[in-house]
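Take a look at the structure set out below.
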Amino acid sequence: MTRRSHAQDAATKAELAPTGTLRVGLVEAPSAGLIFVSRAADGRLDGVTTDLSADLARYVDLLPAVTLFPNLGGAATALQAAAIDVSFMPIDATRRQVIDFGPTYYDLESTYLASAGSGITDVARVDRTGLRVVAIEDTTTFRAATRTLTRTQLIPVPSVAEAVARMRAGQADAFALSRDTLRPVVAQIPVSRIVAGGFQHMQVAVAVPKGRPAALACVTAWLDGAKRTGAVRRIFDARGFRDDAVAP
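Structure below.
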C-alpha cells in the first residue's frame, strides 16, 4: 500500500471538510433506524448513522458537527448546496445527478404500514380508489410510490412524525416508508401492521457533494474498510439490527 504524505492528507481533509469541521447531515424521526436518528432520553442522538458519522470523524481526525433534517430531501438539498459535507441516503437516479455516492451499507425495501380498518394486507391491495397513503415528500420512497400508485390518493408529508400523527388521527390509511424504519412505528399506531411485499428496493450509501473527488475517495476507503473489519456489523448489532444484513 502506498503511504500517503502529510500534504495529501491535508488536501483531502480540506476538500472533505472545507470549514475544518466535518458537517454531517442526518434525518430525525420519532424512532431510530438504519437511516433515521432519534433523540434518546438524555438528549443524545440514537441511530446507526450517528455511529457511522462518529466512526468517519475518527477516521479523518475531524470534529463532527451534526445538522438534523426532517426528511431525506432536505439533507440531499443541503448536500447539493455543499451546506453539509457528508450524509447517508438511498441512491436514486434523481440524486445521482446532483450528489456523489460512495459505497452502500444497507439494502432497503420500501413497503407500507396499514391501519387496522384499511383492509390492506399486502402491497397489491394499497392501490385502490378512496385509500389515503402518506409518504415523506422529496424522497426516493415518495417518488417510487408516485410511479406505482395509480388509483390511490398519495399525500406528501414533511416528516415521519407528521405521517405517524396522521395515521393515529385516522387521516391516512397507509404510510409508505422503508421496512426497517416502519418496524418501531407499529407500536406507535394502535392495531397497525406492516403489509406483505414491497414496491421498491434501494441501496443506502454514504454521499458527498459533487466535484469533490478526494472527499469521495476518502469516504469510500473509510466505509469499505469499516465493512471489511466488521465495524459496520458491530454498529448494526449494537443498535438492535442483528437480523439486517450489511450490504456487501
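Take the working numbering: the final residue in the sequence shown is number 423, and no numbers are missing along the way.
For glycine and all other residues, C-beta sits at the position ideal for the given N, C-alpha and C.
To the nearest angstrom, how far is it from the Cα of residue i to the Cα of residue j?
i	j	result
residue 244	residue 382	15 Å
residue 235	residue 327	47 Å
residue 177	residue 220	For residue 177, the predicted model reports a pLDDT of 37, less than 50, meaning its position is unreliable; a value from the coordinates is still stated below. Cα to Cα, residue 177 sits roughly 37 Å from residue 220.
residue 422	residue 392	19 Å
residue 429	residue 303	An answer regarding residue 429 cannot be provided, because it is not within the stretch 176 to 423 covered by the chain.
residue 403	residue 291	43 Å
residue 321	residue 329	7 Å
residue 295	residue 270	31 Å
residue 205	residue 277	27 Å
residue 334	residue 351	12 Å
residue 280	residue 214	22 Å
residue 191	residue 401	18 Å
residue 226	residue 318	28 Å
residue 316	residue 289	16 Å
residue 372	residue 189	45 Å
residue 267	residue 380	11 Å
residue 256	residue 385	9 Å
residue 323	residue 218	39 Å
residue 151	residue 416	The shown model of the chain, from 176 to 423, leaves out residue 151, and the question about it has no answer.
Name the residue from the options whose alpha carbon lies nearest to the alpha carbon of residue i.
i	options	result
residue 210	378, 367, 327	378
residue 298	389, 310, 335, 374	374
residue 390	275, 251, 233, 226	275
residue 251	272, 238, 232, 283	272
residue 259	388, 193, 405, 397	193
residue 186	387, 398, 397	387
residue 306	345, 268, 284	345
residue 349	384, 399, 285, 397	285
residue 406	212, 359, 228	228
residue 184	399, 237, 416, 325	237
residue 395	231, 268, 218, 410	231
residue 283	353, 216, 324, 300	353
residue 195	208, 240, 301	240
Where do the ends of the beta strand (DSSP E) carrying residue i lie?
i	result
residue 235	No beta strand (DSSP E) contains residue 235, which is instead part of the alpha helix (DSSP H) from 223-235.
residue 407	Taken as a continuous stretch (DSSP letters only), residue 407 belongs to no beta strand (DSSP E), being part of the alpha helix (DSSP H) at 406-413.
residue 275	274-289
residue 239	239-244
residue 310	307-311
Could you check where the alpha helix (DSSP H) with residue i kicks off and where it finishes?
i	result
residue 270	268-271
residue 366	Element bounds for residue 366: n/a, residue is neither H nor E.
residue 321	315-323
residue 255	247-255
Beta-carbon within less than 7 Å of residue i's beta-carbon, same chain only, minus the 5 sequence neighbours each way: which residues are those?
i	result
residue 408	421
residue 248	312, 313, 314
residue 341	309, 332, 347
residue 337	none
residue 397	231, 234
Kindly list the residues whose CB is nearer than 6 Å to the CB of residue i, restricted to its own chain and excluding five residues on each side of it in sequence; keep chain order.
i	result
residue 414	223
residue 357	288, 369
residue 179	Any reading at residue 179 must be qualified, since the residue scores a pLDDT of 44, below 50, and its modelled position is unreliable; the value itself is stated next. Within the same chain, residue 179 has no close Cβ partners at all.
residue 343	364
residue 208	355, 356
Below 8 Å CB to CB, which residues in the same chain sit around residue i once its five sequence neighbours on both sides are set aside?
i	result
residue 418	none
Shorter than 9 Å from the beta carbon of residue i to some beta carbon of chain C?
i	result
residue 336	Of the chains in the structure shown, none is chain C; there is only one protein chain.
Checklist entry - Any chance the stretch 242-262 sits against the stretch 359-368, with 3 or more Cβ pairs inside 8 Å? => result no
| task | Check whether the stretch 255-273 touches the stretch 197-206, counting contact only when three or more Cβ pairs, one atom from each stretch, lie closer than 8 Å. | result | yes
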